[in-house]
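Numbering (our numbering), first residue to last: 1133 to 1258.
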């Protein structure tokens, strides 16, 4: 019985290690996506991937510990991170020219500034 418990514990620790190893590369990807030229969609996607990796680690750790009541504070932090992702997603949609909210049919979209030559400049050319 104790031998099966030890095997189970080793499997859970292996799962935690495997999932943990995915987080470092995700952090690197987020940092790389912050270098110019900044692509807001890429940054959002990489931040989302990082959050999903961290959430996966939390789930695996909770399962291994079986006393998930001790991890309520982590759930609160993950909820806070989700709010930050929501803000990032909204900013991405505002910056993305292909976004439906930025189409020219939108009533609040800004039109480009067009300079009209003054009458003095036109008459001097004639």
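By construction, the Cβ of each residue, glycine as well, lies at the ideal position given by its N, Cα and C atoms. Note that this is a predicted model, so its numbers are computed, not measured.
Under the criterion of beta carbons closer than 8 Å, residue 1176 and residue 1224 qualify as touching, at roughly 5 Å. The segment 1161–1171 makes no contact with the segment 1205–1212, as fewer than three CB pairs between them are under 8 Å. By the neighbour-count criterion, in which a residue is buried when 16 or more other Cβ atoms sit within 10 angstroms of its Cβ, residue 1186 is buried. Secondary structure of residue 1153 (DSSP, three-state): coil. The beta carbons of residue 1149 and residue 1189 sit about 10 Å from each other, so the pair does not count as a contact at 8 Å. Closest option to residue 1182, judged by alpha-carbon separation, among 1139, 1138, 1210 and 1141: 1210. In the three-state reduction of the DSSP assignment, residue 1170 falls in the coil class. Annotated three-state conformation of residue 1218 is helix, per DSSP. Straight-line measurement puts the Cα of residue 1146 at about 11 Å from the Cα of residue 1153.
Beyond the five residues adjoining it in sequence on each side, residue 1214 comes within less than 8 Å, by CB distance, of 1183 in the same chain, given in chain order. Burial check for residue 1230: the Cβ neighbour count within 10 Å stays below 16, so the residue is exposed. Nearest to residue 1144 by alpha-carbon distance, out of 1218, 1192, 1216 and 1226, is 1192.
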